[in-house]
Amino acid sequence: MDMVTLGKTGITVPKNGFGALPVQRVGMEDAVKLLRGAYEGGFRFFDTARAYSDSEEKLGEALADVRKEIYLATKTMAKDGEGFKRDLETSLKLLKTDYLDIYQFHNPAFCPKPGDGTGLYEAMAEAKEQGMVRHIGITNHRIGVAKEAIESGLYETLQFPFCYLATEKDLEVVEMCRKADMGFIAMKALSGGLITNSAAAYAYLAQFEGVLPIWGVQRQSELEEFLRYMDEPPAMTEELQAVIDGDRKQLSGNFCRGCGYCMPCPVGIEINTCARMSLLIRRSPSEKQLTEKAQAMMKKIENCLHCGACAKKCPYGLDTPRLLEENYKDYQEILAGKPL
Numbered sequence: 073m074d075m076v077t078l079g080k081t082g083i084t085v086p087k088n089g090f091g092a093l094p095v096q097r098v099g100m101e102d103a104v105k106l107l108r109g110a111y112e113g114g115f116r117f118f119d120t121a122r123a124y125s126d127s128e129e130k131l132g133e134a135l136a137d138v139r140k141e142i143y144l145a146t147k148t149m150a151k152d153g154e155g156f157k158r159d160l161e162t163s164l165k166l167l168k169t170d171y172l173d174i175y176q177f178h179n180p181a182f183c184p185k186p187g188d189g190t191g192l193y194e195a196m197a198e199a200k201e202q203g204m205v206r207h208i209g210i211t212n213h214r215i216g217v218a219k220e221a222i223e224s225g226l227y228e229t230l231q232f233p234f235c236y237l238a239t240e241k242d243l244e245v246v247e248m249c250r251k252a253d254m255g256f257i258a259m260k261a262l263s264g265g266l267i268t269n270s271a272a273a274y275a276y277l278a279q280f281e282g283v284l285p286i287w288g289v290q291r292q293s294e295l296e297e298f299l300r301y302m303d304e305p306p307a308m309t310e311e312l313q314a315v316i317d318g319d320r321k322q323l324s325g326n327f328c329r330g331c332g333y334c335m336p337c338p339v340g341i342e343i344n345t346c347a348r349m350s351l352l353i354r355r356s357p358s359e360k361q362l363t364e365k366a367q368a369m370m371k372k373i374e375n376c377l378h379c380g381a382c383a384k385k386c387p388y389g390l391d392t393p394r395l396l397e398e399n400y401k402d403y404q405e406i407l408a409g410k411p412l
């Protein structure tokens, strides 16, 4: 079993973290079964967020009786100190605990600091002093904010997108965390579903000693896949490296990661799905992507106002309207029976 320590926090867990965003999409009974199965199979790090609808409630229901044996991380999108305190109180109640191992600012557009006028960091520091928060973290999709958080010395963990499609700039963030003895939690380890070989994804991330990947798990089959890696962690081989090299060639350049921070769209376009539909069809063909419902979803691209709001909010600086147009064109050709 591969283990990882999250920097100065001292938190040491199997190099398999449970990303609990997807459990909001299944019922309570199925969610509890998944979470309990993950715990019994060796998962010890569970990450969720106040923004993930009922995910915290499901974790509380499934894991309250083994609270001292696991590490819980959640997040707040509060804009001020009062909102922070409300979120913290709600999270603790739903998770059925009186403390959080890591509490994270959830993808803020800036790096919260003492004296910045929001009261956010002051509220976080107070919560830590009172024992409700053990370690202070931040999540982000913006390299600038991530680097500022590392350099500030105010944070003990950073959660940031990281997978084998990483750029040199992403790798620089990982190295900065290592030098700062700051825990690195890798979200989007499967790039929002574009990476379909989990063994290759695991083997790549296993090369980074201080990186903890969190896998979004929604189905029993997905859980079983990652549970196998507890006892038989994939190591890098020529075969897996060839998979990585092929994916890098196909997915290099501008592509939508599906983070959803461009949403909502004023005309109702599901940007984070539509802007990468052709890639999804190429990599994981499914009849669900060609149903009447899916076609209606893609047709909304015709209503694009070209207002530029989505591009301004994209943490990766993508020309989102252009990506939508290109994906819609590819999609229409697929429906017409033309190969991509």
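In the numbering used here, the protein residues as written are 73 to 412. Using N, Cα and C, we set each Cβ at its ideal position, and we do this for glycine too. Because the structure is a prediction, the values reported are computed rather than measured.
- Contact annotation, Val104 with Lys140: C-beta distance approximately 19 Å; criterion of less than 8 Å not satisfied.
- Under DSSP, Tyr403 shares a beta bridge with no residue.
- If you look at Thr190, you'll find it isn't in any alpha helix (DSSP H); DSSP assigns it neither H nor E.
- Under the DSSP assignment, Gln176 falls in the beta strand (DSSP E) whose first and last residues are Leu172 to His178.
- Of the residues assessed, His378 falls on the exposed side of the cut-off, its CB having fewer than 16 other CB atoms within 10 angstroms.
- Look at Ala181 here: in three-state DSSP terms it is coil, with no helix or strand label.
- Judged by DSSP in its simplified three-state form, Phe115 adopts coil rather than helix or strand.
- Closest by C-alpha distance to Lys87, out of Pro94, Met75 and Ile208, is Met75.
- Distance from the CA of Arg291 to the CA of Gln202, rounded to the nearest whole angstrom, comes to 37 Å.
- For Lys219 against Met248, the beta-carbon gap comes to about 7 Å, under 8 Å, which counts as contact.
- The region 140-155 and the region 175-194 touch, with three or more beta-carbon pairs separated by less than 8 Å.
- Here the alpha carbons of Lys251 and Phe115 stand approximately 27 Å from one another.
- The beta carbon of Cys331 sits closer than 6 Å to the beta carbons of His213 from its chain, once the five residues preceding and following it are set aside; these are given in chain order.
- CA-CA distance, Tyr171 to Phe182, rounds to 26 Å.
- Per the DSSP secondary-structure output, Lys147 pairs in a beta bridge with Gln176.
- Straight across, the Cα-Cα distance linking Glu133 with Phe90 is about 16 Å.
- In this structure, Ile286 lies away from Asp319, with their beta-carbon atoms at least 8 Å apart.
- Under the three-state reduction of DSSP output, Phe280 falls in the coil class, being neither helix nor strand.
- When DSSP states are grouped into helix, strand and coil, Ala258 belongs to the strand group.
- The beta carbon of Ala278 lies closer than 8 Å to those of Asp74, Lys87, Pro305, Pro306, Ala307 and Met308 in the same chain, with the five residues before and after it left out.
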